[in-house]
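Structure record follows, encoded as structure tokens.
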Ligand SMILES: Nc1nc2c(ncn2[C@@H]2O[C@H](COP(=O)(O)OP(=O)(O)OP(=O)(O)O)[C@@H](O)[C@H]2O)c(=O)[nH]1
Ligand SMILES: [Mg+2]
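Numbering (this note's numbering), first residue to last: 188 to 592.
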């Protein structure tokens, strides 16, 4: 079995520690090593309040009747990622200690290790024996499809091998090289930065996605980046369903020196969005980022509510939102395709952020999404900390998932 060697990245990135394996199930955030001095972080305590377990009102929680095949898996993934939270907000919020920082590519590579181990391990076992024949290619195609890369990409890879290497000796490394090249080819066109149009004051970003996908955390990370660039940032606590969600954003506001507009829990989300856009305009803010409640894409009434939020924003600024970002949890698997499709139809998604690529990643799905929708992928989340959001680059992702050094 081919293995990705943290040692390589350690050498490459100068003696940093490999990321720990994914947190154990149902754990309170795993105790982290005492942090080393933070190299670049201006903000010492970047962790948000742990993810609440509760489900947004109204209606039943994380069930996806339309996509039953993914449910158990998604639930299992969420169970691993979700951290219990006290019902009453504690006076002092617990902030997990940040792990020693590591080069982000090392974290990406370590995060994708599960995906790449499974993939490259299977590739190696397929290619132990013989010259490349039709049966081997079929086996390889199955392996690639199981890795969520999508049928088209799987076929493109096997076709390349069939064309160039049929009836010749082929090693696992040869196959990984073809895999990396194909993945990079698919992802290259979608790896596009989020450009803040300074002509828009404010530049309005709407953050949407299913429950627990990383919206609020990503907002905090973005607020930090924009503040560091000298922009004045306002955040809108548009998840008005839950008091804890409002508080979570307020904490991010404090950490990043961003003003947070909020209303009491239970208020109308579109009204809050209207107020936020109006106020951000009046104050001449550079960037306004609007949080929303998590919602499953097949919950029609919740999607209606999201459409209403967007309509109301447009009443103040017809060109807004200037970016509608869908956050996708990398552990979700195939259901992410449905999320992109339905959120795209209902809310006009302009770009994607894939979170949790540092953990139990099923990162191959990003390739399938890129091929099917061609939407820009702006950022990837490689940790819970404020600095753990990186612009997406196709070549790094391709190398990491193909387990190539
Ligand atoms: N490991 C890791 N955890 C992340 C990342 N992004 C977010 N998280 C964690 O995922 C959990 C959910 O994040 P939130 O930002 O609260 O997600 P959300 O989409 O706002 O959730 P709801 O508001 O409940 O829909 C939190 O524990 C975050 O710390 C990431 O890139 N890596
Ligand atoms: Mg949230």
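No residue lacks a Cβ here, since even glycine has one placed at the ideal position from N, Cα and C.
When burial is assigned at 16 or more other CB atoms within 10 Å of the CB, is residue 322 buried or exposed? Counting C-beta atoms within 10 angstroms of its own C-beta, residue 322 has fewer than 16 neighbours from the protein chains shown and is therefore classed as exposed.
Query raised in the report: Among the residues of its own chain, which have a CB less than 6 Å from the CB of residue 327, if the five just before and after it don't count?
Result: Excluding five sequence positions before and after residue 327, the CB atoms of its chain that fall closer than 6 Å to its own CB belong to 313, 345, given in chain order.
**Asked** What is the DSSP secondary structure of residue 595, reduced to helix, strand or coil?
**Response** As shown, the chain starts at 188 and ends at 592. That puts residue 595 outside it, with no answer to give.
Exercise. Starting from residue 371, follow the alpha helix (DSSP H) in both directions and report where the run begins and ends.
Key: 359-374
Item to complete: In the DSSP assignment, find the unbroken beta strand (DSSP E) run with residue 540 in it and report its ends.
Response: Counting along the chain, the beta strand (DSSP E) containing residue 540 begins and ends at 538-542.
Is residue 456 near ligand 2 - that is, is its Cβ less than 8 Å away from at least one heavy atom of it?
no
From 540, 563, 578, 545, residue whose alpha carbon lies closest to that of residue 402 = 540
| request: Just mark residue 516 as buried or exposed, buried being the case when its beta carbon has 16 or more other beta carbons within 10 Å. | output: With 16 or more other CB atoms across the displayed protein chains lying within 10 angstroms of its CB, residue 516 is buried.
Can you name, in chain order, every residue of its own chain whose Cβ lies under 6 Å from the Cβ of residue 496, other than the five neighbours on each side? 456, 457, 460
message = Helix, strand or coil, according to DSSP, for residue 128 in the structure here?
response = There is simply no residue 128 to check, as the chain begins at 188 and stops at 592 in what is shown.
Cβ of residue 534 versus every heavy atom of ligand 2: is any distance shorter than 8 Å? Every heavy atom of ligand 2 is 8 Å or more from the Cβ of residue 534, so no.
Less than 8 Å separating the Cβ of residue 333 from some heavy atom of ligand 3? Although ligand 3 was asked about, the structure shown includes only ligand 1 and ligand 2 as ligands.
Could you tell me whether the region 417-436 touches the region 547-561, using the rule of 3 or more Cβ pairs below 8 Å?
no
Evaluate residue 505 with the Cβ neighbour count: other Cβ atoms within 10 Å of its Cβ, from every protein chain shown; 16 or more gives buried, anything less gives exposed. exposed
Using DSSP with H/G/I as helix, E/B as strand and the rest coil, what is residue 321? helix
Exercise. Answer yes if the region 520-531 comes into contact with the region 373-383, meaning at least three C-beta pairs across the two stretches below 8 Å, and no otherwise.
Key: no
- Item | Same chain, Cβ closer than 8 Å to residue 499, five either side skipped, listed in chain order | 457, 458, 460, 461
**For residue 585 and residue 129, the rounded distance between their alpha carbons** = What is shown of the chain runs 188 to 592, which leaves residue 129 out entirely.
What are the start and end residues of the alpha helix (DSSP H) that includes residue 589? Per DSSP, residue 589 belongs to no alpha helix (DSSP H) and is neither H nor E.
Entirely enclosed beta strand (DSSP E) segments - the region 409-462, minimum 3 residues: 420-423, 446-448
Closer than 7 Å by C-beta to residue 336: which residues in its own chain qualify, once you throw out the five before and the five after it? Chain order, please. Taken in chain order, the residues that qualify are 551, 554, 555.
Report, in whole angstroms, the separation of the C-beta atoms of residue 594 and residue 546, which I expect to be a contact under 8 Å. Residue coverage of the chain in this structure runs from 188 to 592, which leaves residue 594 outside it and unanswerable.
In three-state DSSP terms, what is residue 511? DSSP places residue 511 in strand when its eight states are reduced to three.
Only counting the same chain, and skipping five residues up and downstream in sequence, which positions put a Cβ closer than 6 Å to that of residue 425?
456, 459, 460, 477, 478, 479
Task: Extent of the continuous alpha helix (DSSP H) run through residue 568 - done: First-last for residue 568: 564-568, but that is the beta strand (DSSP E), not the alpha helix (DSSP H).
Just to confirm, does residue 538 get its C-beta within under 8 Å of one of the non-hydrogen atoms of ligand 2? no
* If you compare alpha carbons, which of 468, 430, 467, 292 is closest to residue 450? -> 430
Q) Mapping DSSP to helix, strand and coil, what is residue 390? A) strand
For a test of your reading of the model: does the CB of residue 412 fall under 8 Å from any non-hydrogen atom of ligand 1? Yes or no. Not one heavy atom of ligand 1 falls within 8 Å of the beta-carbon of residue 412.
- request: Take residue 354 as the anchor and find which of 319, 361, 387, 579 has the nearest alpha-carbon.
  value: Comparing Cα positions, the closest option is 319.
- prompt: Between residue 534 and residue 493, which are expected to be in contact by the criterion C-beta below 8 Å, what is the C-beta distance as a whole number of angstroms?
  reply: 5 Å
If you follow the alpha helix (DSSP H) that residue 499 is in, where does it begin and where does it stop?
487-503
* To do: Starting from residue 378, follow its DSSP beta bridges and name the residues at the other end.
  => According to DSSP, residue pairing for residue 378 in a beta bridge involves 564.
*asked:* Taking the straight line between their C-alpha atoms, what separation do you get for residue 609 and residue 572?
replied: Absent from the model: residue 609. The displayed extent of the chain is 188 to 592, so no value can be given.
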